[in-house]
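*Asks:* Residue numbers (the working numbering): 660 to 943.
The following block contains the structure, expressed as structure tokens.
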């Protein structure tokens with residue numbers, strides 16, 4: 660019998676690009692809260708298993724931002740890729756929160772928090788790495804051997820760090836305007852300090868540049884960054900990732916896209932290119 664944490668509630672299902680865009684909710688054993696996520700399943704032959712691309716969103720976002728504004732469905736339908744968009748943190752009454760947009764609900768940073776009051780529910784690393792993939796595999800027609808991951812901003816940080824920690828799981832990793840070295844920027848100082856405490860060695864598992872310095876390896880990475888991004892110089896600092904990849908021999912395609920900012924206008928412009936890049940590596 661399927662456990663309560665393995666059951667999902669359908670909040671909506673809508674036909675789009677001949678596939679189904681759904682929004683779902685389940686009781687997460689990992690976070691101890693309800694978690695909402697969206698899944699696009701393209702039209703496919705019955706019993707056929709499809710590759711899956713997980714997209715991690717940024718600060719202040721939930722599943723709905725990319726679902727409504729990301730413009731991924733046409734490309735996912737073309738290549739036959741399931742697109743999964745989870746929330747960015749646990750939410751609800753009794754879940755720790757804080758003033759400001761960059762910590763608390765909507766700002767989980769894809770870590771397993773160890774410090775109170777965050778440690779009770781903020782376990783987004785385990786949720787994304789373990790519970791959600793198992794849930795998706797149980798309820799949707801996905802091929803678990805063909806997974807890729809991508810994200811934007813805080814979610815780009817999540818995609819890079821989760822991908823680097825699990826190199827055998829993901830066929831490809833990409834990011835749009837990611838936080839590449841949270842240990843070296845204000846957003847990361849605030850969030851990692853609160854969630855993990857003052858021991859900066861503990862932060863390294865959640866820092867893409869530090870992971871590469873500590874010998875985490877993948878074959879290649881794809882990153883797009885807007886040149887007019889208001890967070891570029893202080894918070895994102897993609898040059899640090901370039902330097903780390905050069906030293907490690909990781910093939911990084913890092914493109915500074917002239918005139919683009921940090922918004923979904925930027926994300927939607929380059930989303931189809933990222934889906935196509937993943938499709939080539941997912942053998943579709």
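In this text, a Cβ means the ideal position worked out from N, Cα and C, and glycines have one as well.
Just so we're clear, the structure is a prediction, and the values are computed from it rather than from any experiment.
1. I'd like the list of long-range same chain contacts for residue 719, defined as Cβ closer than 7 Å, with 5 residues on each side in sequence excluded.
2. Curious, which full-length beta strand (DSSP E) runs of at least 3 residues does the stretch 784 to 824 contain?
3. Between the alpha carbons of residue 700 and residue 677, how many angstroms are there, rounded?
4. Under 8 Å by Cβ, that's how I've got residue 812 and residue 829 pegged, so tell me the actual separation to the nearest angstrom.
5. Less than 6 Å between C-beta atoms, sequence neighbours within five positions excluded: which residues of the same chain meet that for residue 817?
6. If you measure between the beta carbons of residue 867 and residue 820, is that distance less than 8 Å?
7. Can you tell me where the alpha helix (DSSP H) holding residue 851 begins and where it ends?
8. Taking the CB atoms as reference points, tell me whether residue 831 and residue 937 lie closer together than 8 Å.
9. Roughly how many angstroms lie between the CA atoms of residue 771 and residue 675, to the nearest whole one?
10. Taking DSSP as the reference, what is the three-state secondary structure of residue 768?
11. Should the stretch 746 to 757 be regarded as contacting the stretch 778 to 785, the criterion being three or more beta carbon pairs within less than 8 Å?
12. Mapping the DSSP letters down to three states, classify residue 743 as helix, strand or coil.
13. Grouping DSSP H, G and I as helix and E and B as strand, with all else coil, what is residue 748?
14. Secondary structure at residue 694, three-state DSSP: helix, strand or coil?
15. Checking 8 Å against the spacing of the C-beta atoms, do residue 684 and residue 694 come in under that value?
16. I need the DSSP call for residue 760, collapsed to helix, strand or coil.
17. Keeping to the same chain, check which residues put their C-beta closer than 6 Å to that of residue 853; ignore five residues upstream and five downstream.
18. Count the other CB atoms, across all protein chains shown, that sit within 10 Å of the CB of residue 942; report buried if there are 16 or more and exposed otherwise.
19. To which residues does DSSP link residue 916 through a beta bridge?
20. Quick check: residue 709 and residue 740, are their CB atoms within less than 8 Å of each other?
21. How about residue 883: is its Cβ closer than 7 Å to a heavy atom in the ligand SAH?
22. Apply the 10 Å Cβ neighbour rule to residue 918 and answer buried if 16 or more other Cβ atoms are within range, or exposed otherwise.
*Replies:* Let me spell this out:
1. For the purposes of this step, residue 719 is taken as residue 60 along the chain shown, with counting starting at 1. Excluding sequence neighbours, residue 719 sits near 760 and 765.
2. Inside the stretch 784 to 824, DSSP marks whole beta strand (DSSP E) runs of 3 or more residues at positions 801 to 811, from first to last along the chain.
3. For the purposes of this step, residue 700 is identified with residue 41 of the chain shown, where counting begins at 1. For the purposes of this step, residue 677 is identified with residue 18 of the chain shown, where counting begins at 1. Using only the alpha carbons, I get a separation of about 9 Å.
4. By 1-based counting over the chain shown, the position of residue 812 is 153. By 1-based counting over the chain shown, the position of residue 829 is 170. Contact doesn't hold; Cβ gap of about 19 Å is too wide.
5. Numbered from 1 along the chain shown, position 158 holds the residue referred to as residue 817. Closer than 6 Å at Cβ, skipping near neighbours: 715, 769 and 810.
6. The residue given as residue 867 occupies position 208 in the chain shown. The residue given as residue 820 occupies position 161 in the chain shown. Yes, the Cβ-Cβ distance between residue 867 and residue 820 is below 8 Å.
7. Your numbering for residue 851 matches position 192 in the chain shown. Start and end: 845 to 855.
8. Counting from 1 along the chain shown, the entry for residue 831 is found at position 172. Counting from 1 along the chain shown, the entry for residue 937 is found at position 278. Yes, Cβ-Cβ distance for residue 831 and residue 937 is below 8 Å.
9. Translated into positions along the chain shown, residue 771 becomes position 112. Translated into positions along the chain shown, residue 675 becomes position 16. Their backbone Cα atoms lie some 35 Å apart in a straight line.
10. Counting from one through the chain shown, the residue named residue 768 turns up at place 109. Correct three-state label for residue 768: coil.
11. Judged by Cβ distances under 8 Å, the stretch 746 to 757 makes contact with the stretch 778 to 785, as three or more pairs qualify.
12. Along the chain shown, one-based indexing puts residue 743 at 84. Strand.
13. Your numbering for residue 748 matches position 89 in the chain shown. Coil, per DSSP.
14. The residue given as residue 694 occupies position 35 in the chain shown. Here residue 694 sits in strand by DSSP.
15. On the chain shown, position 25 is the one that residue 684 refers to. On the chain shown, position 35 is the one that residue 694 refers to. In contact: residue 684 and residue 694 (Cβ atoms closer than 8 Å).
16. One-based indexing of the chain shown puts residue 760 at position 101. In this structure, residue 760 counts as coil in the three-state DSSP scheme.
17. The sequence position of residue 853 within the chain shown is 194, counting from 1. Taken in chain order, the residues that qualify are 762.
18. Numbered from 1 along the chain shown, position 283 holds the residue referred to as residue 942. Exposed: under 16 other Cβ atoms inside 10 Å.
19. In the chain shown, the residue the question calls residue 916 occupies position 257. Paired residues: 885.
20. Taking the first residue of the chain shown as 1, we reach residue 709 at position 50. Taking the first residue of the chain shown as 1, we reach residue 740 at position 81. A contact, by the Cβ cut-off of 8 Å.
21. As presented, the structure is devoid of all ligands, the ligand SAH included, so that no description of it is given.
22. Stepping through the chain shown from its first residue, residue 918 is reached at position 259. Residue 918 is exposed by the Cβ-count criterion.
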